[in-house]
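Going line by line, the protein sequences match chains A and B. Following our numbering, the numbering of the first sequence begins with 173 at its first residue and continues without gaps. Following our numbering, the numbering of the second sequence begins with 2 at its first residue and continues without gaps. Backbone N, C-alpha and C fix where the C-beta goes; we use that ideal spot for every residue, glycine too. What follows is one structure encoded as structure tokens, with my remarks underneath.
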Amino acid sequence: GNSVTQMEGPVTLSEEAFLTINCTYTATGYPSLFWYVQYPGEGLQLLLKATKADDKGSNKGFEATYRKETTSFHLEKGSVQVSDSAVYFCALSARLLDNAGNMLTFGGGTRLMVKP
Amino acid sequence: EAQVTQNPRYLITVTGKKLTVTCSQNMNHEYMSWYRQDPGLGLRQIYYSMNVEVTDKGDVPEGYKVSRKEKRNFPLILESPSPNQTSLYFCASSLITTSIDEQYFGPGTRLTVT
């Protein structure tokens, strides 16, 4: 079946540091890939997405590139801020044609803490 | 405003007392889903629905029921709650195109079962 693996946290960084959160996946066919963010006390919200190989999703200074050859979708940001402190979830959505069962899979989440 | 609403937001109850958490979306989405979030375990899917009258088990369905009689509503039912169902619950919805698109999440329901 489909699966998503994220690096375990927490990840603790100083403000303005470079961020990478690794995400790799296993899936049949060509899934869509997502990063969601959960700020303290809130629900998840979409951060960025990519729907095909080599697509780059970007939002709020965050980027992730859909790498089919390495089955990865790593999240990066060049300079983190205290306000980026949150839990980040990688997720995949398999295509209807590729999957007869549940098409949606989330990673375990990675907590990011940014210190001033 | 496009949104997913859940009620109640907070609930403290006792073992065995049936409860329902409501979920409603106003975006005409086909796909709806329930998750629970527990420390160290991430987000786990309980049940999902691809459309009206179509529901299916997720990863942790034991002890839960759902129904999808209308497109906008997807209530989560705990017939006989137990303390191990103490958790933070999220409802979500999305369109289905060639795959399940971006999920819109509700604000969460924090349930405590004593």
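Are the Cβ atoms of residue i and residue j separated by less than 9 Å?
i       : j       : result
F278(A) : V176(A) : yes
V5(B)   : A93(B)  : yes
V286(A) : V259(A) : no
Q104(B) : Y208(A) : yes
Take the Cβ of residue i as the centre, count every other Cβ of all protein chains shown within 10 Å, and call the residue buried at 16 or more, exposed below.
i       : result
T242(A) : exposed
K249(A) : buried
K292(A) : Outside the shown range of chain A, which is 173 to 288, sits residue 292(A), and nothing can be said about it.
L42(B)  : exposed
G215(A) : buried
A3(B)   : exposed
K228(A) : exposed
In angstroms, rounded to a whole number, what distance separates the CA positions of residue i and residue j?
i       : j       : result
Y238(A) : G17(B)  : 46 Å
K19(B)  : W35(B)  : 18 Å
I193(A) : M179(A) : 7 Å
G64(B)  : G201(A) : 33 Å
S88(B)  : K66(B)  : 16 Å
S68(B)  : N8(B)   : 16 Å
Name the DSSP bridge partner or partners of residue i?
i       : result
G43(B)  : D39(B)
Y211(A) : Answer by DSSP bridge pairing: none, since Y211(A) is not bridged.
Over what stretch of residues does the beta strand (DSSP E) that includes residue i continue unbroken?
i       : result
V53(B)  : First-last for V53(B): undefined, no H or E at that position.
Y11(B)  : Y11 to T14
V259(A) : A258 to S265
K228(A) : K228 to N231
N8(B)   : V5 to N8
T354(A) : Residue 354(A) lies beyond the stretch modelled for chain A, which goes from 173 to 288, so this question has no answer here.
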